[in-house]
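S.K.:
There are 2 protein chains.
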Amino acid sequence: MTDSPIDPTLLERLAEVSVRTGLNLQPGQELVLTAPVTALPLVRAITRAAYAAGASLVTPLLTDSEVTLARFETAGDETFDLAPGWLYSGMAEAFDRGAARMAIVGEDPMLLSEQDPAKVSRVGKATSTAYKPALEKISTFEINWTICAWPGESWAARMFPDLPTGDAQAKLADAIFSASRVNTDDPVAAWDEHNATLRARTRWLNEQRFSALHFRSPGTDLTVGLADDHEWHGGASEAQNGVVCNPNIPTEEVFTTPHAQRVDGTVCSTKPLSHQGSLIDGIEVTFKDGRIVEAKADKGGDILRELIATDEGAARLGEVALVPHSSPISQSGLLFYNTLFDENAACHIALGQCYSKCFLDGASLTAEQIAEKGGNSSLIHVDWMIGGAETDIDGITADGTRVPVFRAGEWA
Amino acid sequence: MTDSPIDPTLLERLAEVSVRTGLNLQPGQELVLTAPVTALPLVRAITRAAYAAGASLVTPLLTDSEVTLARFETAGDETFDLAPGWLYSGMAEAFDRGAARMAIVGEDPMLLSEQDPAKVSRVGKATSTAYKPALEKISTFEINWTICAWPGESWAARMFPDLPTGDAQAKLADAIFSASRVNTDDPVAAWDEHNATLRARTRWLNEQRFSALHFRSPGTDLTVGLADDHEWHGGASEAQNGVVCNPNIPTEEVFTTPHAQRVDGTVCSTKPLSHQGSLIDGIEVTFKDGRIVEAKADKGGDILRELIATDEGAARLGEVALVPHSSPISQSGLLFYNTLFDENAACHIALGQCYSKCFLDGASLTAEQIAEKGGNSSLIHVDWMIGGAETDIDGITADGTRVPVFRAGEWA
Ligand SMILES: [Zn+2]
Ligand SMILES: [Zn+2]
Ligand SMILES: [Zn+2]
Ligand SMILES: [Zn+2]
Numbered sequence: 001m002t003d004s005p006i007d008p009t010l011l012e013r014l015a016e017v018s019v020r021t022g023l024n025l026q027p028g029q030e031l032v033l034t035a036p037v038t039a040l041p042l043v044r045a046i047t048r049a050a051y052a053a054g055a056s057l058v059t060p061l062l063t064d065s066e067v068t069l070a071r072f073e074t075a076g077d078e079t080f081d082l083a084p085g086w087l088y089s090g091m092a093e094a095f096d097r098g099a100a101r102m103a104i105v106g107e108d109p110m111l112l113s114e115q116d117p118a119k120v121s122r123v124g125k126a127t128s129t130a131y132k133p134a135l136e137k138i139s140t141f142e143i144n145w146t147i148c149a150w151p152g153e154s155w156a157a158r159m160f161p162d163l164p165t166g167d168a169q170a171k172l173a174d175a176i177f178s179a180s181r182v183n184t185d186d187p188v189a190a191w192d193e194h195n196a197t198l199r200a201r202t203r204w205l206n207e208q209r210f211s212a213l214h215f216r217s218p219g220t221d222l223t224v225g226l227a228d229d230h231e232w233h234g235g236a237s238e239a240q241n242g243v244v245c246n247p248n249i250p251t252e253e254v255f256t257t258p259h260a261q262r263v264d265g266t267v268c269s270t271k272p273l274s275h276q277g278s279l280i281d282g283i284e285v286t287f288k289d290g291r292i293v294e295a296k297a298d299k300g301g302d303i304l305r306e307l308i309a310t311d312e313g314a315a316r317l318g319e320v321a322l323v324p325h326s327s328p329i330s331q332s333g334l335l336f337y338n339t340l341f342d343e344n345a346a347c348h349i350a351l352g353q354c355y356s357k358c359f360l361d362g363a364s365l366t367a368e369q370i371a372e373k374g375g376n377s378s379l380i381h382v383d384w385m386i387g388g389a390e391t392d393i394d395g396i397t398a399d400g401t402r403v404p405v406f407r408a409g410e411w412a
Numbered sequence: 001m002t003d004s005p006i007d008p009t010l011l012e013r014l015a016e017v018s019v020r021t022g023l024n025l026q027p028g029q030e031l032v033l034t035a036p037v038t039a040l041p042l043v044r045a046i047t048r049a050a051y052a053a054g055a056s057l058v059t060p061l062l063t064d065s066e067v068t069l070a071r072f073e074t075a076g077d078e079t080f081d082l083a084p085g086w087l088y089s090g091m092a093e094a095f096d097r098g099a100a101r102m103a104i105v106g107e108d109p110m111l112l113s114e115q116d117p118a119k120v121s122r123v124g125k126a127t128s129t130a131y132k133p134a135l136e137k138i139s140t141f142e143i144n145w146t147i148c149a150w151p152g153e154s155w156a157a158r159m160f161p162d163l164p165t166g167d168a169q170a171k172l173a174d175a176i177f178s179a180s181r182v183n184t185d186d187p188v189a190a191w192d193e194h195n196a197t198l199r200a201r202t203r204w205l206n207e208q209r210f211s212a213l214h215f216r217s218p219g220t221d222l223t224v225g226l227a228d229d230h231e232w233h234g235g236a237s238e239a240q241n242g243v244v245c246n247p248n249i250p251t252e253e254v255f256t257t258p259h260a261q262r263v264d265g266t267v268c269s270t271k272p273l274s275h276q277g278s279l280i281d282g283i284e285v286t287f288k289d290g291r292i293v294e295a296k297a298d299k300g301g302d303i304l305r306e307l308i309a310t311d312e313g314a315a316r317l318g319e320v321a322l323v324p325h326s327s328p329i330s331q332s333g334l335l336f337y338n339t340l341f342d343e344n345a346a347c348h349i350a351l352g353q354c355y356s357k358c359f360l361d362g363a364s365l366t367a368e369q370i371a372e373k374g375g376n377s378s379l380i381h382v383d384w385m386i387g388g389a390e391t392d393i394d395g396i397t398a399d400g401t402r403v404p405v406f407r408a409g410e411w412a
């Protein structure tokens, strides 16, 4: 008999929080759930929680890392521009009919690190292209959606390479449960309180109507223009179907849309970025008129430059987000190699697609109107961390007034 | 460390036979693969074999029995007429674009036996309705497809309830490997020889052009009229995309389309039928002018009658198949509770949908033309076993001549 290293009570609570607080799944609503097959215990708990919350139908789509690897290791070179478009168009159909969407992450973040980066990039681009119609319904918040995490064994082994498997998984599970605020007696109340704090921050930022943010820290001197009629969001968010959901479990950030043509200066990453199974570390990038004009990295520079070359929008920003250095995930001192966690440990920016949600009355805007206001568009959306203990941020208003926003990594 | 009760070499061979002989997967062809999540080792082996055979993309769709049970145990009563139509329409799109289809069976055949039969039947009907457009591309052989089996633990436990889990699984694995002809040094050669034998039988039957078959055995006196321009098939079959595949691994049957209006007499089942998780045993049914006018069973009579009431075609025959009593699966003496195996142990008939393939030039016929010739149409296709050691069959030609086909369970 083996004891699971994952506390079953906390796992049930994570399922409950993901369904109730994360999705806010409505009675009669269908649920499309993607997950790595190793996350089956969480998939089952979420399925039970979803039906208990009144789900009409729960359909898990499970992926397997060995199946993924078999492709890279065995398939013919001419096949790497293919993606299962039929599956993504099926998902888009489900969203059109009102289904909610949940994704469980938990794969080995370095799964593809030994594979040919050109093939990895071709598959990434084919997948993004095929998935775009479905993803747009998520990024424009047509439906309620959420992402949560499963403490996968291989993921845990990357984070804690010196620990035995069970201990590593137990440590990652604890970190996930704690960051997801389910290690308290009343997780739903904890989330309500947390959402109120984030709401206070976004309300203040929205009142300021800054036209730009100025980031300063060692190696960084970056002015990020904000899009016209930008709106700050964080925590709970109302989807176009009227459902208030928490799209990320956990979340610590408040974020908005930068102006794709008004970003200037140089910025250094403060944490490594795990992208499609490879690590990019020590990024230094220079922007001019919103576009990256120079990009290097101590590690993974080629992958960074391939990423930036994906399309026109991949060289511009689609998100800027503020997270204090005292955030619990930052204080854990852990590097998760996973954006869902690492982006909540530091201020960050994202290359690529913006969220139309982050505009005043964003749901009613056309793609052209969003572009006119400075919203970026791209096949990619890749977050990377630029904040730390020494980060200072000023808000700059239209008339040039400077307002302290962050000092030494904390809200000013 | 645990040794798997399943021989890895034979598992690799089963994967190879399923891809090469079962599907005859073509270089550049996509593969859609459905399987229970417990079959992951076979899914992975098939994925590797498929990419080695030149597959452009392999997409497994995995289902989990606990997720299925959670629905029956927790979902609201109003939700049981729903099916993931978006997923099935995605699959139909994949088939339209030329994907091949493989299904791995291996679930607990009694999974739903404790659930409310009305809910089970509603889900079955909703699924059949939603799946119909995709299934038609399979049943009309637009594409190459195949079904093979994984020795699932819970399935093995049903078959060998007195054995420890590992032993039961090992025994089921042996039975599957042997029936699938992969326990020989050259499985592909064994399949070629087996296909030649089945081809000789179908050639002889097609030359006879019988207008009916007359079955006699204890409790059975049944005349099964054959459809106009019916054609016998068995073993390898050419799909409309030109690919010769073996749709069932294993297979022992030769089969054709009965005339939906010309079936008369009484017939008893010779083996229990496992349908949607319930067992129907001791079936006795009387046909008049092709339609069931009386149906009873020693066990599961209600389920049988619900099944027959699915739609008009569910009370008529869509298949008649001949299997000698000496077939290896019959000689194993095992009851698998799974049609893929049990239908290959005995002569059988199927209620419901016919195969358009089983007509001369069937691919060019419209649904109306098939119906005119006597082909049946229905949401269901359920095989049940009527043959045994004492089965005699006569072929009856248009002028009334009788030709012995089976005597005492064997080819005459
Ligand atoms: Zn972010
Ligand atoms: Zn982001
Ligand atoms: Zn059959
Ligand atoms: Zn059949």
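Residue numbers (our numbering), protein chains in the order written: chain S, 1 to 412; chain U, 1 to 412.
C-beta: ideal position from N, C-alpha, C; glycine also.
Please list the segments of the beta strand (DSSP E) lying wholly inside the segment 143-205 of chain S, counting only runs of 3 or more residues, in order along the chain.
M.R.: 145-149
S.K.: Where does Trp384 of chain U sit, in a helix, a strand or coil, going by DSSP?
M.R.: strand
S.K.: Since Glu284 of chain U is in the beta strand (DSSP E), which residue starts that stretch and which ends it?
M.R.: Glu284 to Lys288
S.K.: Report the rounded CA-to-CA distance for Val293 of chain S versus Phe287 of chain S, giving the unit in angstroms.
M.R.: 6 Å
S.K.: Buried or exposed: which applies to Ala309 of chain U, given that a residue is buried once 16 or more other Cβ atoms fall within 10 Å of its Cβ?
M.R.: exposed
S.K.: Are the beta-carbon atoms of Ala157 of chain U and Ala149 of chain U separated by less than 8 Å?
M.R.: no
S.K.: If contact means a Cβ-Cβ distance below 8 Å, which residues of the segment 157-170 of chain S contact chain U?
M.R.: For the segment 157-170 of chain S, the set of residues with a beta-carbon nearer than 8 Å to any beta-carbon of chain U is empty.
S.K.: Rounded to whole angstroms, what is the Cα-Cα separation between Leu14 of chain S and Ser180 of chain S?
M.R.: 7 Å
S.K.: Is any heavy atom of ligand 2 found at a distance shorter than 7 Å from the C-beta of Asp383 of chain S?
M.R.: yes
S.K.: Could you tell me whether the segment 250-260 of chain U touches the segment 347-361 of chain U, where touching means 3 or more Cβ pairs closer than 8 Å?
M.R.: yes
S.K.: Report all residues from its chain with a CB closer than 8 Å to the CB of His233 of chain S; omit the five preceding and five following residues, and keep chain order.
M.R.: Answer for His233 of chain S: Thr202, Val254, Phe255, Thr256, Tyr355, Lys357 and Cys358, listed in chain order.
S.K.: Could you tell me the alpha carbon to alpha carbon distance between Pro151 of chain U and Ile176 of chain U, rounded to whole angstroms?
M.R.: 7 Å
S.K.: Where does Lys271 of chain U fall in DSSP's three states?
M.R.: When DSSP states are grouped into helix, strand and coil, Lys271 of chain U belongs to the coil group.
S.K.: In the structure shown, what three-state DSSP assignment does Asp342 of chain S receive?
M.R.: helix
S.K.: Using the three-state DSSP reduction, which class does Met1 of chain U fall into: helix, strand or coil?
M.R.: Low confidence applies here, because Met1 of chain U scores a pLDDT of 40, under 50, leaving its location unreliable; read the following figure in that light. Coil, per DSSP.
S.K.: So, is the C-beta of Tyr51 of chain S closer than 8 Å to a C-beta in chain U?
M.R.: yes
S.K.: Check whether the segment 48-66 of chain S and the segment 265-275 of chain S touch, using three or more Cβ-Cβ pairs below 8 Å as the test.
M.R.: no
S.K.: Under 9 Å Cβ-Cβ, which residues of chain U neighbour Ser121 of chain S?
M.R.: Simply none; closest approach about 17 Å.
S.K.: Output, in chain order, the set of chain S residues within a Cβ distance shorter than 9 Å of Leu62 of chain U.
M.R.: Neighbours of Leu62 of chain U on chain S, chain order: Val37, Pro60, Leu61, Leu62, Thr63 and Asp64.
S.K.: Just by C-beta distance, which residues in the segment 78-96 of chain U are closer than 9 Å to chain S?
M.R.: Glu78, Thr79, Leu82, Ala83, Pro84, Gly85, Trp86, Leu87, Tyr88, Ser89, Gly90, Met91, Ala92, Glu93, Ala94, Phe95 and Asp96
S.K.: For Ala118 of chain U, decide whether its Cβ has a neighbour in chain S, counting only Cβ atoms nearer than 8 Å.
M.R.: no
S.K.: Work out the CA separation of Asn248 of chain U and Glu114 of chain S for me, nearest whole Å.
M.R.: 38 Å
S.K.: Flag Val105 of chain U as yes if its beta-carbon sits less than 8 Å from any beta-carbon of chain S, otherwise no.
M.R.: no
S.K.: Give a yes or no on whether 8 Å exceeds the smallest Cβ distance from Ser56 of chain U to chain S.
M.R.: yes
S.K.: Between the alpha carbons of Ile6 of chain U and Glu107 of chain S, how many angstroms are there, rounded?
M.R.: Going by the C-alpha atoms only, they are around 27 Å apart.
S.K.: Please list, in chain order, the chain U residues whose beta carbon lies closer than 8 Å to that of Val43 of chain S.
M.R.: Asp64 and Val67
S.K.: By Cβ distance below 7 Å, which residues in the same chain neighbour Asn24 of chain U in space, the five residues on each side in sequence not counted?
M.R.: Asn144, Val243, Val244 and Cys245
S.K.: Can you grab the Cα-Cα spacing for the pair Ala99 of chain S / Pro27 of chain S, in whole Å?
M.R.: 11 Å
S.K.: Does Gly395 of chain S pass the burial test, meaning 16 or more other C-beta atoms within 10 Å, or should it be called exposed?
M.R.: buried
S.K.: Apart from the five residues on each side of it in sequence, which residues of its chain come closer than 8 Å, Cβ to Cβ, to Asp116 of chain U?
M.R.: Phe72
S.K.: Asp417 of chain U: buried (16+ other C-beta within 10 angstroms of its C-beta) or exposed?
M.R.: Outside the shown range of chain U (1 to 412) lies residue 417 of chain U, about which nothing can therefore be said.
S.K.: Give the interface partners of Thr74 of chain U over in chain S, defined as CB-CB distance under 7 Å, in chain order.
M.R.: Arg48, Tyr51 and Ala52
S.K.: Taking the alpha-carbon positions, what's the Ala297 of chain S to Val382 of chain S distance?
M.R.: 15 Å
S.K.: Taking 8 Å as the threshold (beta carbon to beta carbon), is Arg20 of chain S in contact with chain U?
M.R.: no
S.K.: For Phe255 of chain S, verify whether its CB is less than 7 Å away from any heavy atom of ligand 1.
M.R.: yes
S.K.: Does the beta-carbon of Ala200 of chain S, which I'm using as the reference point, lie nearer than 7 Å to any heavy atom of ligand 5?
M.R.: This structure lacks ligand 5; the ligands present are ligand 1, ligand 2, ligand 3 and ligand 4.
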